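Engineer:
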Amino acid sequence: MENLENKLKVMYTEETIQNRIKEVAEIIDKDYKGEELVIISVLKGAVFFTVDLVKKMKTQIELELMQVSSYKGTQSTGNIIVKKDLDSSIEGKNVLIVEDIIDTGYTLKYLQEYLQTLNPKSLKIAVLADKKARRKADIKIDYTCFEIEDKFIVGYGFDFDEKYRNLPYIGYVEN
Ligand code: IMP
Ligand code: MG
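Take the sequence shown: its position 110, counted from the start at 1, is 113 in the working numbering, and no numbers get skipped.
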């Protein structure tokens, strides 16, 4: 496997990431004003962001994990399947989907439509990174930590061939 580590440039340091997540956590706390919230973290990449986000929040949360993937190949196609579903009902509950990145938006669009059929009280989306230039699906994101350029990022949950997720910073590969 290609060794990326010496080619990586730092996009956001660990400190920048944590400071920004703290800001977003405070905004989320204000919006839910003491109401309860179900956090749905999307495996695998969003786990890192989710853990840091919820630890910085005061809102009472329940944690759910879901895993979805594109049907064919690695390119996002819009053909999404649920690999791991919810463990508990979200009917009548405030729900926040926590995802690592929105790229084409097909994954989140699918998730949002699916979760809406389960009749939550409210349904919002938080992402760590938004590659706006690549959007194909029409979808509203409620909380964004970083708007990024169209670069391939790794670290802090983002993988290259399942590797590098555990870097504490977000790096990118020069195109
Ligand atoms: P989309 O919004 O449906 O196109 O897909 C988003 C998914 O693509 C994310 O959950 C990531 O798994 C993956 N992805 C998109 N851009 C990157 C990147 O720069 N690095 C690592 N994974 C990425
Ligand atoms: Mg993902």
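Note that beta-carbon positions come from the ideal geometry of N, C-alpha and C, so glycine has one too. As the structure is a computational prediction, the values presented were derived from the model and not from experiment.
(1) Give a single yes or no on whether residue 141 has its beta carbon closer than 7 Å to a heavy atom of ligand 1.
(2) Leaving out five residues on either side along the sequence, give the residues of the same chain with a beta carbon under 6 Å from the beta carbon of residue 172.
(3) Near residue 93, which residues of its chain fall below 6 Å by C-beta distance, leaving aside the five closest residues on each side in sequence?
(4) Quick one: residues in its chain with C-beta nearer than 7 Å to the C-beta of residue 86, no 5 flanking neighbours on either side, listed in chain order?
(5) My parser needs the beta strand (DSSP E) runs of 3 or more residues fully inside the region 32-70; what are they?
(6) Leaving out the 5 sequence neighbours to the left and right, which residues in its chain are closer than 7 Å to residue 6 when beta-carbon positions are compared?
(7) Take residue 127 and list the residues in its own chain whose beta-carbon comes closer than 6 Å to its own, dropping the five residues that flank it on each side.
(8) If you measure between the beta carbons of residue 24 and residue 66, is that distance less than 8 Å?
(9) Are there 16 or more other CB atoms within 10 angstroms of the CB of residue 95, so buried, or fewer, so exposed?
(10) Since residue 150 sits in a beta bridge, which residues does DSSP pair it with?
(11) Near residue 139, what residues of its chain come up, given a Cβ to Cβ distance below 7 Å and the 5 sequence neighbours on each side ignored?
Structural biologist: Concretely, from the data shown:
(1) no
(2) 13, 16, 17 and 158
(3) 41, 121 and 123
(4) 70, 71 and 72
(5) 40-46
(6) none
(7) 99 and 145
(8) no
(9) exposed
(10) 133
(11) 107, 108 and 109
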